[in-house]
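Participant: Numbers in my numbering are just positions in the sequence shown, counted from 1, shifted up by 14.
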Amino acid sequence: MSDFTSLGLSGDMLRALEHAKFTETTPIQRESIPLVLANRDVIGVAQTGSGKTAAFVIPMLEKLATFSDRAEPHMPRALILAPTRELAIQTTDRIKELAVGMRSSCCTIYGGAPYRTQTHILRRGVDILVSTPGRLLDHIKRGNVFLDAVEYFVLDEADRMLDLGFVDDVKKISAKINRPHQSVMFSATLSDAIVDLKDTLLNEPAQVEVAASATVADNLDHFVLHVPGHQKRDLLQYLIENEEPTKSIVFVRTRRDAEEIATFLSDLGLKADALHGDKAQKLRQRTIAAYRRGDFDYLVATDVAARGIDVQDISHVFNFDVPVEAESYVHRIGRTARGGKSGRAFTLCGKNEPRLLKAIEAILGDEIMVIQDHPYRLIAKKKASISAKKRPAVAAKKAKQLKGKRAQKFGDKPKPTGPKKPGAKKPNKNKGRPQREDERSRSSERTSRSQDQKQRSRAGDRPQKRDERASLPADGRPSRNQEGRPNRGAGDRPNRTAGDRPNRTGSDRPNRGTGGKPSRPSGGKAGKPTRGKPAGSKPFGSKSGGRGKPGGNRPAGGKPKRGGNAPLKRR
15 MSDFTSLGLS GDMLRALEHA KFTETTPIQR ESIPLVLANR DVIGVAQTGS GKTAAFVIPM
75 LEKLATFSDR AEPHMPRALI LAPTRELAIQ TTDRIKELAV GMRSSCCTIY GGAPYRTQTH
135 ILRRGVDILV STPGRLLDHI KRGNVFLDAV EYFVLDEADR MLDLGFVDDV KKISAKINRP
195 HQSVMFSATL SDAIVDLKDT LLNEPAQVEV AASATVADNL DHFVLHVPGH QKRDLLQYLI
255 ENEEPTKSIV FVRTRRDAEE IATFLSDLGL KADALHGDKA QKLRQRTIAA YRRGDFDYLV
315 ATDVAARGID VQDISHVFNF DVPVEAESYV HRIGRTARGG KSGRAFTLCG KNEPRLLKAI
375 EAILGDEIMV IQDHPYRLIA KKKASISAKK RPAVAAKKAK QLKGKRAQKF GDKPKPTGPK
435 KPGAKKPNKN KGRPQREDER SRSSERTSRS QDQKQRSRAG DRPQKRDERA SLPADGRPSR
495 NQEGRPNRGA GDRPNRTAGD RPNRTGSDRP NRGTGGKPSR PSGGKAGKPT RGKPAGSKPF
555 GSKSGGRGKP GGNRPAGGKP KRGGNAPLKR R
């Protein structure tokens with residue numbers, strides 16, 4: 015206890031540390047605790063598992079012990095922001111562990127839990143509030159939390175907070191703290207974005223950096239194995255059989271992979287379970303609690319749980335996929351080799367993941383040792399030469415050019431050995447140079463000869479076209495008598511004389527203008543004898559002048575009107 019005693023802590027705090035079995039301080043604790051007790055703003059940079067949680071919890075509990083009264087409802091005195099639910103729960107557990115025998119109360123609020131329970135706890139009043147940024151802003155909007163009494167503000171895992179996009183939420187929360195307060199920020203890495211956030215939230219902070227921004231513990235051995243993607247499961251099984259880990263974590267990239275790999279390990283007879291964001295919060299807490307108790311030995315998790323799991327005695331970490339974010343690699347393998355114990359980490363690198371591996375090696379400043387002696391290694395294919403990628407025509411032309419420069423091979427055409435035949439040399443083509451008289455005469459003779467041969471071939475071997483008939487000479491062609499040929503201009507029909515066709519007069523032809531009926535004489539059709547009463551004896555409105563009845567005058571409009579008095583029946 016001499017290390018903590020030299021830090022100037024109270025007796026209650028020393029007894030609580032002794033009860034929690036804290037015997038020695040870590041470098042980050044020795045450097046930061048005195049500065050925080052001196053009311054300085056501090057930014058601490060240390061690797062995961064270095065004890066930085068206790069580095070800000072111990073001086074916070076020491077300060078809160080000076081208050082004699084209880085915290086007012088809805089107004090906490092200390093605020094700790096964590097990026098994930100798991101880390102918030104882990105921080106709360108560490109506070110409760112170190113606050114034994116002290117009067118400080120603590121509360122944790124995060125997404126996925128009922129508002130009603132959290133509101134009831136906040137109404138009673140708490141000294142320390144541990145929360146995620148999103149859920150805290152929701153409670154502030156609902157009027158359940160007021161930050162007017164906050165005197166101690168902690169931002170844990172600031173680099174992870176930036177990765178998850180909580181920068182704006184953190185700035186909004188910090189702006190709502192009205193009274194003067196002390197701010198402390200801890201991060202596993204120190205980037206330009208962290209420096210900008212530090213300048214915004216902290217007031218002339220003291221920087222404590224006990225290790226480089228991305229380093230690996232000395233007692234941790236980490237390796238990389240190159241393997242085809244479809245053989246990663248076989249290689250994982252091979253490593254488990256050869257390493258025989260006591261307790262390990264398998265990190266994957268997606269939630270689906272977490273379920274599938276957990277099922278794969280269970281089928282091998284191993285006790286495994288999955289942890290990812292699709293699981294309900296209560297189920298995730300039960301899974302972590304069961305893993306701590308030792309109910310199963312293989313936890314398959316996504317990056318959401320990389321910083322929220324504080325489990326001792328983890329001997330191995332397997333990265334089934336290379337993490338997309340280079341900083342996540344440090345946090346993944348930091349789950350092992352904790353508390354001074356040794357650990358081993360293996361990363362399976364697929365065909366398309368070497369660029370991610372180079373980014374990790376860049377922030378580490380060193381290359382990761384590659385294990386090549388395994389049965390599933392990735393064999394790189396040799397790249398084809400540039401000449402082999404050329405088109406076949408280009409390759410054939412190239413071979414033809416080089417044919418005379420190489421030794422003759424089997425299958426090549428034999429070269430002529432005797433003297434050349436006369437006239438075998440091809441005539442020179444005219445390429446824009448002036449020709450001699452003898453060359454012009456030979457060229458004109460060849461042209462006339464070729465035209466005569468062309469005309470002869472036209473005249474005999476194929477049907478002639480219309481435009482060719484006029485140009486052909488009449489020699490050798492049979493003449494045809496033009497008198498026996500029909501007149502094509504008249505529609506291929508012979509001309510008839512006027513005498514072979516009878517003349518018709520207009521009197522016997524129907525008059526087409528009158529509807530196609532022959533005209534009748536003006537006398538009309540003889541009427542039938544009238545029976546009964548004479549025409550005109552019927553009352554007005556009755557049917558009269560029917561079809562074929564003489565003297566039947568219809569009204570204008572064609573058909574007779576219906577209605578009126580009924581016609582008289584004949585007796």
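Quick reminder that beta carbons are idealized off the backbone N, C-alpha and C, glycines included.
Buried or exposed, going by whether 16 or more other CB atoms sit within 10 Å of the CB of residue 385?
Facilitator: Residue 385 should be labelled exposed.
Participant: Quick check: what's the CA-CA separation for residue 220 versus residue 55?
Facilitator: 6 Å
Participant: Distance, Cα to Cα, residue 363 vs residue 118?
Facilitator: 48 Å
Participant: Taking buried to mean at least 16 other C-beta atoms within 10 Å of its own C-beta, is residue 162 buried or exposed?
Facilitator: exposed
Participant: In whole angstroms, what separates the C-alpha of residue 201 from that of residue 97?
Facilitator: Those two C-alpha atoms are separated by around 12 Å.
Participant: Please determine, among 125, 326, 49 and 53, the residue with the shortest C-alpha to C-alpha distance to residue 293.
Facilitator: 125
Participant: Using 8 Å as the threshold, is the segment 259 to 278 in touch with the segment 322 to 330, meaning 3 or more CB pairs across them?
Facilitator: yes
Participant: Please state whether DSSP places residue 252 in a helix, a strand or coil.
Facilitator: It is helical.
Participant: Evaluate residue 376 with the Cβ neighbour count: other Cβ atoms within 10 Å of its Cβ, from every protein chain shown; 16 or more gives buried, anything less gives exposed.
Facilitator: exposed
Participant: Using C-beta distances below 7 Å, list every residue in its chain close to residue 110, excluding the 5 sequence neighbours before and after it, in chain order.
Facilitator: 120
Participant: For residue 371, I'd like the list of residues in its chain whose CB is within less than 8 Å of its CB, leaving aside the five on either flank, ordered along the chain.
Facilitator: 238, 336, 361, 363 and 382
Participant: Smallest Cα separation from residue 46: which of 38, 32 and 66?
Facilitator: Closest option to residue 46, Cα to Cα, is 66.
Participant: Measuring straight from C-alpha to C-alpha, what distance separates residue 275 and residue 349?
Facilitator: Taking the straight line joining both Cα atoms gives about 19 Å.
Participant: Thinking C-alpha only, which one of 168, 136, 169 and 165 is nearest residue 153?
Facilitator: 136
Participant: Which residue's Cα is closest to the Cα of residue 355: 314, 310 and 232?
Facilitator: 232
Participant: Nearest to residue 222 by CA position, among 133, 37 and 59, is which residue?
Facilitator: 59
Participant: From residue 148 to residue 183, what distance separates their C-alpha atoms?
Facilitator: Their backbone Cα atoms lie some 7 Å apart in a straight line.
Participant: According to DSSP, simplified to helix, strand and coil, what is residue 377?
Facilitator: helix
Participant: Among 123, 42, 257 and 305, which one has its Cα closest to the Cα of residue 103?
Facilitator: 123
Participant: How would you label residue 128, buried or exposed, when you count the other beta carbons within 10 angstroms and need 16 or more for buried?
Facilitator: The residue in question, residue 128, is exposed, as its Cβ has fewer than 16 Cβ neighbours within 10 Å.
Participant: If I'm right that residue 88 touches residue 158 with Cβ under 8 Å, what's the distance once you round it to whole angstroms?
Facilitator: 6 Å between Cβ atoms; contact.
Participant: Can you tell me whether DSSP reads residue 18 as helix, strand or coil?
Facilitator: helix
Participant: Could you check which residue in 368, 365 and 315 has the C-alpha nearest to that of residue 346?
Facilitator: 315
Participant: Where do the ends of the beta strand (DSSP E) carrying residue 193 lie?
Facilitator: Judged by DSSP secondary structure, residue 193 falls outside any beta strand (DSSP E); it is assigned neither H nor E.
Participant: CB residue 142 to CB residue 73, shorter than 8 Å?
Facilitator: no
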